[in-house]
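Participant: Numbering (our numbering), first residue to last: 4 to 370.
Using N, Cα and C, we set each Cβ at its ideal position, and we do this for glycine too.
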Amino acid sequence: MTIAVTAVALTATQTYAIATAVPLGTTESFAVLGGQSVTNTGPTVLNGDLGVSPGTAISGFPPGIVNGAVHSADAVALQAQSDLVIAYNDAAGQAPDASIAGDLGGQTLVPGVYNASSSIGLTGTLTLDAQGDPNAVWVFQVGSTLITAPNSSVELINGASPCNVFWQVGSSATLDTDTTFVGTIMALTSITLNNGATIEGRALARNGSVTMDNNVINTPECGSATNGATTNGATTNGATTNGATTNGGLLGGVLGGAIAGNTTTAGTTGATTTGGTTGATTGATTTGGTTGATTGGGGKDDKCRDHDKCRDHDKCRDHDKCRDHDKCRDHGKCHGEGEHQGEHQGEHHGQDQGEHHGQDPRHMAAS
């Protein structure tokens, strides 16, 4: 019986239910957001937005520096405060995994939801261990105040991210001199940062003020990774080609030159390819950074004055009738020193070398 109880205790301290990342909404871009006012003394640096709502007072900038936008009781700040209420309630409503009390200094905590019924403090170092999981989340529910001692710190190890640390504080938070703090502080009342305190995260106060004194707050970049962008109804999934042929199977009519089955991307570096496109394509569209040319031309070749006697190349509906290819007096200009309309040397209109719209290979010899 004793062994069974011990096993449960060990499990409870090492593995908790998965805490959920708090949805910050528009507050994600804010380094500081106050409810009543924001005040600063000294050369504070905010790497993120600064706002206040419904109050209007922002003072101390300059000498403080805001590397972001400043919003005083405008629509953006109002929306941010609305989103802060949602985020605060989300953090407060998550089911706790463990109870904490007193001082967090000297502890190492794995991901989870930690609840304190009253105030908590931090003297020394609190270590947050992600155990190799970059998506690990910590939510701290503090019933009353959060107060750190001078030179205290929160440290992240084993893949922990400041994007995933949240402090829901039931009244006010105070970071004392030279505290190095990590995470998003969401305080019901006010937040005070004493001289030299830094935050890798955010200081967000719902109803009161945010007061700063020679601080640095870095808003972490926590945007979600995307698997591609949608362009003209086609989704790209990060695949790139380097002058290769994409077997996309384009179906439908292509205006400005028909392409059946294969699309050749000529000289494309780092471009994104979209396979399996159904429908009509107008011209040719290159998605991504392209150096080189794209297939799907068939426009008028102004340099070739007598190109197969079809001056407007699009009007030559039966290309096989233009058999006297040598009548192109300046063949080099037509093909751009071996190229025609941005295609590979030795190719004509994106077809395989030795072919000309399905004609006899002898036609290539004439070229």
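In whole angstroms, what separates the C-alpha of S147 from that of I188?
Facilitator: Distance between the alpha carbons of S147 and I188: 13 Å.
Participant: Return the CA-CA distance between T297 and C166, expressed in angstroms with no decimal places.
Facilitator: With a pLDDT of only 37 at T297, under 50, the local geometry of the prediction cannot be trusted, and no value is derived from it.
Participant: On a CA-only basis, which of D216, S212, A119 and V41 is nearest L191? Give me that one, please.
Facilitator: Selected option, being the one with the closest Cα: S212.
Participant: What is the rounded straight-line gap between the Cα of N210 and the Cα of V55?
Facilitator: Answer to the nearest angstrom: the Cα atoms are 10 Å apart.
Participant: Are the region 150–166 and the region 131–141 in contact at 8 Å, needing three or more beta carbon pairs?
Facilitator: They touch, by the three-pair rule.
Participant: Within 10 Å of its beta-carbon, does T111 have 16 or more other beta-carbons around it, so buried, or fewer, so exposed?
Facilitator: So T111 counts as exposed.
Participant: According to DSSP, is E224 part of a helix, a strand, or is it coil?
Facilitator: If DSSP states are grouped into helix, strand and coil, E224 belongs with coil.
Participant: Determine, for N92, whether the minimum Cβ-Cβ distance to residues of chain B falls below 7 Å.
Facilitator: Among the chains of the structure shown, chain B does not appear; only one protein chain is present.
Participant: Take I103 and list the residues in its own chain whose beta-carbon comes closer than 8 Å to its own, dropping the five residues that flank it on each side.
Facilitator: Around I103: Y117, N118, A119, I123 and F143.
Participant: Run through DSSP, which three-state label would A60 get?
Facilitator: In this structure, A60 counts as strand in the three-state DSSP scheme.
Participant: Please determine, among T42, A60, V73 and G67, the residue with the shortest C-alpha to C-alpha distance to S32.
Facilitator: That would be V73, whose Cα lies nearest to the Cα of S32.
Participant: From the DSSP secondary-structure annotation, give me the bridge partner or partners of L159.
Facilitator: Per DSSP, L131.
Participant: Closest by CA to F184, which one among I150, L53, A78 and T30?
Facilitator: Considering only alpha carbons, the answer is I150.
Participant: Who are the Cβ neighbours of P46 in its own chain at under 8 Å, not counting the five residues just before and after it?
Facilitator: Here the set comprises P66, G67, I68 and N217.
Participant: When you compare only the Cα positions, how much space is there between Q61 and T177?
Facilitator: Reading off the sequence, residue 61 comes out as Ile, not Gln. Answer to the nearest angstrom: the Cα atoms are 19 Å apart.
Participant: What does the alpha-carbon distance come out to for the pair G51 and N43?
Facilitator: Cα to Cα, the separation comes out at about 15 Å.
Participant: In chain order, what residues of the same chain have a beta carbon less than 7 Å from the beta carbon of L87, not counting five sequence neighbours either side?
Facilitator: Taken in chain order, the residues that qualify are T30, L36, M189, L207 and R209.
Participant: Could you check where the beta strand (DSSP E) with A384 kicks off and where it finishes?
Facilitator: No information on residue 384 is available, as it lies outside the stretch 4 to 370 that the chain covers here.
Participant: Near Q84, what residues of its chain come up, given a Cβ to Cβ distance below 6 Å and the 5 sequence neighbours on each side ignored?
Facilitator: These residues qualify, in order along the chain: S56.
Participant: Apart from the five residues just before and just after I89, which ones in its own chain have a Cβ nearer than 8 Å to its Cβ?
Facilitator: These residues qualify, in order along the chain: P26 and G28.
Participant: Taking all protein chains shown into account, do 16 or more other C-beta atoms lie within 10 angstroms of the C-beta of E203, making it buried, or fewer, making it exposed?
Facilitator: So E203 ends up on the buried side.
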